[in-house]
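What the sequence shown shows, in UniProt numbering, is residues 1 to 612, in sequence order. Report on one structure; see the data block that follows.
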Amino acid sequence: MHNTPFILLFGGTTEGKATANWLNDMGFTYFYSTKTPTAFEVHEDCFKLEQALPADEMIHFCKEQNIKLIIDAAHPYARDLHWNIHACCAKLELAHIRIERSFADKKQADNVHYHESLDAMIQACKATGYNRILSLMGVKSVAKLHDSLDDAEVWYRILDRPLSWDEALACGVSQDKIMGSLAFDNFKDAEELIEQKKIQVLLTKDSGHNGLFEQKVALAQKYQLPLLVLEQPTLPEFTKVFKCRAELRQYMEANYSLPKPDLAHGYTSGTCATICAKAAATLLLTGECNNKIAIRLPDGEQVSMPLHTMDKEEYSAFATVIKNSGDDPDLMDGLVIGCRVYLNQKGDIRFVRGEGVGIVKLPGLGLPLNEPAVNKVPRAMIKAEMERLLDEHGLPNAGFDVEVFIPQGQQLALKTFNPRLGIEGGLSIIGSTGRIKPFSSEAYVQTIQRQLDVVEQNNAEQVVFNSGGRSERYLKEHFKHLPPYCFVQYGNYIGDALNAASQRNIKVAHLGIMIGKAVKLAAGHLDTHSRNVVMDKEFIAQLVSVAGYSENYQKQIKTIRLARELESIFPFCPDEPFFKLLKQRCEEVASVAVNGYQLQLILINNDGVLMN
Numbered sequence: 001m002h003n004t005p006f007i008l009l010f011g012g013t014t015e016g017k018a019t020a021n022w023l024n025d026m027g028f029t030y031f032y033s034t035k036t037p038t039a040f041e042v043h044e045d046c047f048k049l050e051q052a053l054p055a056d057e058m059i060h061f062c063k064e065q066n067i068k069l070i071i072d073a074a075h076p077y078a079r080d081l082h083w084n085i086h087a088c089c090a091k092l093e094l095a096h097i098r099i100e101r102s103f104a105d106k107k108q109a110d111n112v113h114y115h116e117s118l119d120a121m122i123q124a125c126k127a128t129g130y131n132r133i134l135s136l137m138g139v140k141s142v143a144k145l146h147d148s149l150d151d152a153e154v155w156y157r158i159l160d161r162p163l164s165w166d167e168a169l170a171c172g173v174s175q176d177k178i179m180g181s182l183a184f185d186n187f188k189d190a191e192e193l194i195e196q197k198k199i200q201v202l203l204t205k206d207s208g209h210n211g212l213f214e215q216k217v218a219l220a221q222k223y224q225l226p227l228l229v230l231e232q233p234t235l236p237e238f239t240k241v242f243k244c245r246a247e248l249r250q251y252m253e254a255n256y257s258l259p260k261p262d263l264a265h266g267y268t269s270g271t272c273a274t275i276c277a278k279a280a281a282t283l284l285l286t287g288e289c290n291n292k293i294a295i296r297l298p299d300g301e302q303v304s305m306p307l308h309t310m311d312k313e314e315y316s317a318f319a320t321v322i323k324n325s326g327d328d329p330d331l332m333d334g335l336v337i338g339c340r341v342y343l344n345q346k347g348d349i350r351f352v353r354g355e356g357v358g359i360v361k362l363p364g365l366g367l368p369l370n371e372p373a374v375n376k377v378p379r380a381m382i383k384a385e386m387e388r389l390l391d392e393h394g395l396p397n398a399g400f401d402v403e404v405f406i407p408q409g410q411q412l413a414l415k416t417f418n419p420r421l422g423i424e425g426g427l428s429i430i431g432s433t434g435r436i437k438p439f440s441s442e443a444y445v446q447t448i449q450r451q452l453d454v455v456e457q458n459n460a461e462q463v464v465f466n467s468g469g470r471s472e473r474y475l476k477e478h479f480k481h482l483p484p485y486c487f488v489q490y491g492n493y494i495g496d497a498l499n500a501a502s503q504r505n506i507k508v509a510h511l512g513i514m515i516g517k518a519v520k521l522a523a524g525h526l527d528t529h530s531r532n533v534v535m536d537k538e539f540i541a542q543l544v545s546v547a548g549y550s551e552n553y554q555k556q557i558k559t560i561r562l563a564r565e566l567e568s569i570f571p572f573c574p575d576e577p578f579f580k581l582l583k584q585r586c587e588e589v590a591s592v593a594v595n596g597y598q599l600q601l602i603l604i605n606n607d608g609v610l611m612n
């Protein structure tokens, strides 16, 4: 661990907390700066700064503490702070690194209207005659809206924390016009208000995925209400802008010596959900909960994770964490995962759907149909923690309804294999050990196996293996009669995919492979990942010789940089000697992993032409 912090991290956001995890995993310490007090626990040897830092005070602090790098992960609408940081960096010649959240494309729906300023939004409300307004913009806009829309009824949805309430009430807003919410998983309170008060318009910021912008758009569309959106403010030019851990790590490796050069391990979504479930249940039963909760992994080891938020309502409680996946390239790293629990008198631990967690619609996953996609091991982990709590509190006849949620899950699920697995509307809560090994093939191979389970359980006897999205598109055109779940991506793990098919009731496996992977497979590599194997020009030249081509052709092979260039040397057709031999060698290598079914290899060129 780098025990002398030289990094000033501006947080107070989901991205800020994720960045703190990333820096800690790399071995760096930091100063974590927020304008107001935060419950976030910084890592060992790190420090919190809970005060506003104007440019001059920031410059003084950076000089005093010998700050070498400023990382700006503050809210995108914190315009003054961004420019203060820019001024400080310019004065001291420091790098100004921005960690930016993801934003959706601007919504083109008829009911979504963008405005360049809050004044413009206010004028639009007045010009249209809206007099029942719900603001989803947070506490910073309350004063101006309240002063400017004094002829209208305006309700304000703000973070349910004392500082936000005090700030809103200080503006002269009556308490009944304020909705305090930390409910990351739904907008039920807003829906009730819209229905009861006949709300005419919604106001919000373009706050991105982490700001639940898509959910706000969906809320407006559900009630056919106009949504007025404040444009993002103009920000300074940053030295670098990153959106993920890998980009930041690459920058830090290039510019600083990493105190922890080894790749960091992380925790699965199942571990995150279990920690949240235990925290929420503890809060519901006792009215209090530590900011850091420990749980047992399947092997018995205890692990803990700091909570992001938690809150208790009359009949339920919820908690959230920021997922830390370590250095594994996980889609969910840095996302909010949460769990809401309800006490029931049925004596069971029941799983109910939460936002962003998919529903199982096809057999083969080992989960009940029409239940949330919380896999077997996470279910067992959550049940064990819930049962221990009930036993500790003397409630043997009670149970919990467990609602795991991922606010961004519905959008991100479209980038996963979930739709073809028969999981609709969200992500899965997964993990077999509770831990994530960096760059491990285990998770990918498990996904292949789950897809093949779905193929088998739905009585399909054919599977079409492919390396990814492009080859799959070509193959789907050829196999139009097969349902989507019959197309299984092997990525680089050809041998694992073929072996897994041997363990299931599959009669025919079609193996689609493009030229780049084909030359690796033909050379004897059932795992074609670039970290393990690169294109072997000597081997290709030998194939060219065996195929009967002259030495001149073999020399051309030595000059190519990409395997696709082979198509400019040899015509891609079934009777062409080189590609015919390449396909034959691929079949010979692949056959060692095949048992009990027929393999049909399909060579695919860069234009999508198939060679059966």
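Just so it is clear, CB atoms sit at the ideal spot from N, CA and C, and this is done for glycine as well.
Practice task
Determine contact between the region 534–552 and the region 489–502, defined as no fewer than three beta-carbon pairs at a distance below 8 angstroms.
Solution key: By the C-beta criterion, the region 534–552 is judged not to be in contact with the region 489–502, since fewer than 3 inter-stretch pairs fall below 8 angstroms.
Handout entry: Limits of the alpha helix (DSSP H) - the one that S471 falls within
Key = The count along the sequence shown starts at 1 and reaches residue 471 at position 471. For S471, the enclosing alpha helix (DSSP H) starts and ends at 469–478.
Problem - Of the listed residues L562, G495, I295, W155, nearest to M381 (C-alpha basis) - result: Against the sequence shown, residue 381 aligns to sequence position 381. Checking every option, the nearest Cα to that of M381 belongs to I295.
Practice task
Would you tell me roughly how many angstroms separate the C-alpha atoms of K292 and K558, rounded to the nearest one?
Solution key: Position 292 of the sequence shown, counted from the first residue, corresponds to residue 292. Position 558 of the sequence shown, counted from the first residue, corresponds to residue 558. One C-alpha to the other measures close to 58 angstroms.
Practice task
Kindly indicate which three-state DSSP category Q224 falls into: helix, strand or coil?
Solution key: In the sequence shown, counting from the first residue as 1, residue 224 sits at position 224. Residue state for Q224 is assigned as coil, using DSSP reduced to three classes.
Problem - C-alpha distance - M1 paired with F28, whole-angstrom precision - result: Taking the sequence shown and counting its residues from 1, the one referred to as residue 1 is at position 1. Taking the sequence shown and counting its residues from 1, the one referred to as residue 28 is at position 28. Unreliable placement is indicated for M1, whose pLDDT of 47 sits below 50; the coordinate value is still reported in the next sentence. Each residue's alpha carbon lies about 6 angstroms from the other.
Exercise for the section: Check whether the region 324–339 touches the region 250–270, taking contact to mean three or more Cβ pairs, one atom from each stretch, closer than 8 angstroms. Expected result: Counting Cβ pairs under 8 angstroms, three or more are found: they touch.
Exercise for the section: Please classify G300: is it buried, with 16 or more other beta-carbons within 10 angstroms of its beta-carbon, or exposed? Expected result: Mapped onto the sequence shown, residue 300 falls at position 300. Answer is exposed; the Cβ neighbour count stays below 16.
Exercise for the section: Use the C-beta contact count for G347: other C-beta atoms within 10 angstroms, 16 or more gives buried, fewer gives exposed. Expected result: For the purposes of this step, residue 347 is taken as the residue at position 347 of the sequence shown. Burial state of G347 is exposed, judged by a 10 Å Cβ sphere holding fewer than 16 other Cβ atoms.
Practice task
Could you please give the first and the last residue of the uninterrupted alpha helix (DSSP H) stretch that includes Q449?
Solution key: The residue given as residue 449 occupies position 449 in the sequence shown. Boundaries of the alpha helix (DSSP H) harbouring Q449: 442–457, taken from the DSSP string.
Practice task
Tell me where the alpha helix (DSSP H) around Q250 begins and ends.
Solution key: In the sequence shown, residue 250 corresponds to position 250, counting from 1. Counting along the chain, the unbroken alpha helix (DSSP H) around Q250 starts and ends at 245–255.
Exercise for the section: Look up F318 in the DSSP assignment and give the residues it is bridged to. Expected result: Looking up residue 318 in the sequence shown gives position 318. Note: F318 sits in a beta bridge opposite D311, R340.
Practice task
Compute the Euclidean distance between the alpha carbons of R350 and P368, then round it to the nearest angstrom.
Solution key: Counting from 1 along the sequence shown, the entry for residue 350 is found at position 350. Counting from 1 along the sequence shown, the entry for residue 368 is found at position 368. Their backbone Cα atoms lie some 12 angstroms apart in a straight line.
Practice task
Determine the contact status of Q600 and H478, defining contact as a CB-CB distance below 8 angstroms.
Solution key: As a working mapping, residue 600 is identified with position 600 in the sequence shown. As a working mapping, residue 478 is identified with position 478 in the sequence shown. No. Outside cutoff.
Practice task
Go ahead and pull the three-state DSSP assignment for M1.
Solution key: Along the sequence shown, read from residue 1 onward, the residue named residue 1 stands at position 1. In this predicted model, M1 has a pLDDT of only 47, less than 50, meaning its place in the structure is not dependable; the value taken from the coordinates is given anyway. Note: M1 maps to coil in three-state DSSP.
Handout entry: Cβ neighbour criterion (16 or more within 10 Å) applied to F578
Key = Reading the sequence shown from its first residue, position 578 is the one you call residue 578. Flag for F578 reads buried.
Problem - Cα-Cα separation, G364 to Y490 - result: Working through the sequence shown from its first residue, we reach residue 364 at position 364. Working through the sequence shown from its first residue, we reach residue 490 at position 490. Using only the alpha carbons, I get a separation of about 18 angstroms.
Exercise for the section: Taking E153 as part of the beta strand (DSSP E), name the residues at either end of that continuous run. Expected result: What you label residue 153 is simply residue 153 of the sequence shown in a count that begins at 1. Segment 153–159, the beta strand (DSSP E) holding E153.
Practice task
Pick out whichever of N84, K205, F40, K17 has its Cα sitting closest to the Cα of F103.
Solution key: What you label residue 103 is simply residue 103 of the sequence shown in a count that begins at 1. Closest by alpha carbon: K205.
Exercise for the section: Let me know the secondary structure DSSP gives M137 once reduced to three states. Expected result: Start at 1 with the first residue of the sequence shown, and residue 137 comes out as number 137. Note: M137 maps to coil in three-state DSSP.
Handout entry: Simplified DSSP assignment, three categories, for M332
Key = In the sequence shown, residue 332 corresponds to position 332, counting from 1. In this structure, M332 counts as coil in the three-state DSSP scheme.
Practice task
Could you tell me how far apart the beta carbons of L134 and R98 are, in whole angstroms, since I believe they sit closer than 8 angstroms?
Solution key: Counted from its first residue, the sequence shown places residue 134 at position 134. Counted from its first residue, the sequence shown places residue 98 at position 98. Rounded, the Cβ-Cβ distance is 31 angstroms, inconsistent with contact.
Exercise for the section: With distances taken Cα to Cα, identify the nearest neighbour of D311 among N324, C289, L297, A90. Expected result: Stepping through the sequence shown from its first residue, residue 311 is reached at position 311. Ranking the options by Cα distance to D311, first place goes to C289.
Practice task
Please determine, among V508, G512, K507, S432, the residue with the shortest C-alpha to C-alpha distance to R470.
Solution key: As a working note, residue 470 is residue 470 in the sequence shown. Closest in C-alpha terms to R470, from the list V508, G512, K507, S432, comes G512.
Handout entry: Pair within 8 angstroms by beta-carbon distance, I429 and N370
Key = Residue 429 sits at position 429 when you count from the first residue of the sequence shown. Residue 370 sits at position 370 when you count from the first residue of the sequence shown. Note that the C-beta distance between I429 and N370 is not below 8 angstroms.
Exercise for the section: Quick one: residues in its chain with C-beta nearer than 6 angstroms to the C-beta of I194, no 5 flanking neighbours on either side, listed in chain order? Expected result: For this step, residue 194 is matched to residue 194 along the sequence shown. For I194, same chain residues with a beta-carbon under 6 angstroms away, outside a window of 5 residues either side, are Y223 in chain order.
Practice task
Within the same chain, show all residues whose beta-carbon is closer than 8 angstroms to that of K260, passing over the 5 residues directly before and after it, in chain order.
Solution key: As a working mapping, residue 260 is identified with position 260 in the sequence shown. Taken in chain order, the residues that qualify are M1, D25, M26, G27.
Practice task
Mind listing, in chain order, the continuous beta strand (DSSP E) runs of no fewer than 3 residues lying wholly within the region 20–54?
Solution key: Listed in chain order, they are 31–34, 47–50.
Handout entry: E167 to I178 span [Cα, whole Å]
Key = For the purposes of this step, residue 167 is taken as the residue at position 167 of the sequence shown. For the purposes of this step, residue 178 is taken as the residue at position 178 of the sequence shown. Looking at the backbone, the Cα of E167 and that of I178 are separated by about 11 angstroms.
Problem - Same chain only: Cβ atoms within 6 angstroms of E15, ignoring 5 sequence neighbours per side - result: As a working mapping, residue 15 is identified with position 15 in the sequence shown. Counting only Cβ-Cβ distances below 6 angstroms, and skipping sequence neighbours, we find A73, I99, R101.
Practice task
Could you name each continuous alpha helix (DSSP H) segment of 4 residues or more that falls completely within the region 544–591, going from the start of the chain to the end?
Solution key: If only uninterrupted alpha helix (DSSP H) runs of at least 4 residues are considered, those enclosed by the region 544–591 are 551–557, 577–591.
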